[in-house]
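A.B. asks: One structure follows; several queries about it will come next.
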Ligand SMILES: N[C@@H](CCC(=O)N[C@@H](CS)C(=O)NCC(=O)O)C(=O)O
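Numbering (UniProt numbering), first residue to last: 1 to 249.
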């Protein structure tokens, strides 16, 4: 639930107007029904942070790039997706129980973020600052290996760990309730379904727990309401892009 009147928000996300890495954080905030706002100042606000013009207070470091989170109550400004997620986790009820479970949640989240980075490289294998059109030949080669080797390798990891987690009847990665690692993986699977629909249809036939996990979270009341709202931004120029030439069964 966002709070459009910014002054009532507990959290402020500062990110580009795309799903991208901001989406992992948005999903967690929505899960908890947190009062949050999404970059009210738009792209100028993002630039203010990366160019060192934003008010950070005394104790928060200068961020290098978005996503950036402001905890309005605590006066904390924080960057790096994994750091933001692990900071928010106990506040949003999305951490594991105990030190070992919390480390496992982080393990799963970082692994999902690795796959997110590789998905980005399928259309930007040479440099993020160059246009896709300037690296199409390399993108075709990268995407072919990504589809054949990397998607199954990572999804096998997800399927195996969902299968191992009987405590949640295979619907979560760690323990009996949802953590931020589940949202990281949900978003990556959802993004891959958008970007590589042919390949995902083929591989998901072998991964029943992933299919169920994806549907289960999508059907969650708060998440379903979020996905149907304007707050859920459409896939466009972010990590997950659909280029037909990069997809195949
Ligand atoms: N490891 C960082 C990566 C952050 C990142 O690459 N942010 C992108 C948007 S998703 C960006 O705006 N990068 C600008 C740049 O690299 O100059 C994280 O997970 O937060």
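Every residue, glycine too, gets a C-beta built ideally from N, C-alpha and C. Fair warning: this is a prediction, and the values are worked out from it, not measured in the lab.
Just to confirm, are residue 103 and residue 95 a CB contact at a threshold of 7 Å?
C.D. replies: no
A.B. asks: With the cut-off set at 7 Å, would you say residue 9 and residue 35 are in Cβ contact?
C.D. replies: yes
A.B. asks: Within the continuous alpha helix (DSSP H) that includes residue 71, where are the two ends?
C.D. replies: It is not in any alpha helix (DSSP H) - residue 71 instead sits in the beta strand (DSSP E) that spans 68-71.
A.B. asks: For residue 214 versus residue 189, is the C-beta spacing smaller than 7 Å?
C.D. replies: Result yes, Cβ atoms of residue 214 and residue 189 sit closer than 7 Å.
A.B. asks: Per DSSP, residue 145 is paired with what?
C.D. replies: Residue 145 is not bridged to any residue.
A.B. asks: Span of the alpha helix (DSSP H) holding residue 184?
C.D. replies: Residues 180-195.
A.B. asks: Should residue 137 be labelled buried (16 or more other beta-carbon atoms within 10 Å of its own) or exposed?
C.D. replies: exposed
A.B. asks: Does the Cβ of residue 236 have 16 or more other Cβ atoms within 10 Å, making it buried, or fewer, making it exposed?
C.D. replies: exposed
A.B. asks: Rounded to a whole number of angstroms, what is the C-alpha to C-alpha distance between residue 159 and residue 17?
C.D. replies: 31 Å
A.B. asks: Tell me the DSSP bridge mates of residue 11?
C.D. replies: According to DSSP, which records beta bridges pairwise, residue 11 is partnered with 36 and 71.
A.B. asks: Under a Cβ-count criterion, where at least 16 other Cβ atoms within 10 Å of its own Cβ denotes burial, should residue 53 be classed as buried or exposed?
C.D. replies: Exposed, because fewer than 16 other Cβ atoms sit within 10 Å of the Cβ of residue 53.
A.B. asks: Report the rounded CA-to-CA distance for residue 3 versus residue 28, giving the unit in angstroms.
C.D. replies: Only weak support exists for where residue 3 lies, its pLDDT of 48 falling under 50; the value from the coordinates is given anyway. Roughly 15 Å separates the two Cα atoms.
A.B. asks: Indicate whether at least one CB of chain B lies closer than 7 Å to the CB of residue 182.
C.D. replies: Absent from the structure: chain B. Only one protein chain is present.
A.B. asks: For residue 5, count neighbouring C-beta atoms within 10 Å of its own C-beta (all shown protein chains included) and say buried if the count is 16 or more, exposed if not.
C.D. replies: Low local confidence applies: a pLDDT of 49 at residue 5 is under 50, so the model's placement there is unreliable, with the coordinate-based value given in what follows. Exposed is the call here.
A.B. asks: Beta-carbon within less than 8 Å of residue 124's beta-carbon, same chain only, minus the 5 sequence neighbours each way: which residues are those?
C.D. replies: 130, 132, 135 and 139
A.B. asks: Based on the DSSP secondary-structure assignment, which residues constitute the bridge partners of residue 79?
C.D. replies: 68
A.B. asks: Rounded to whole angstroms, what is the Cα-Cα separation between residue 234 and residue 65?
C.D. replies: 21 Å
A.B. asks: Going by C-alpha distance, which of 119, 209, 15 and 147 is nearest residue 42?
C.D. replies: 15
A.B. asks: What's the gap between the Cα of residue 83 and the Cα of residue 111?
C.D. replies: 14 Å
A.B. asks: Residues in its own chain within less than 7 Å of residue 167 by CB, not counting five upstream and five downstream?
C.D. replies: 175 and 176
A.B. asks: Pull up the distance between the alpha-carbon of residue 116 and that of residue 198, whole angstroms please.
C.D. replies: 18 Å
A.B. asks: Indicate, with yes or no, if ligand 1 has a heavy atom lying under 6 Å from the CB of residue 75.
C.D. replies: no
A.B. asks: Could you tell me the alpha carbon to alpha carbon distance between residue 19 and residue 58, rounded to whole angstroms?
C.D. replies: 30 Å
A.B. asks: Should residue 143 be labelled buried (16 or more other beta-carbon atoms within 10 Å of its own) or exposed?
C.D. replies: Residue 143 should be labelled buried.
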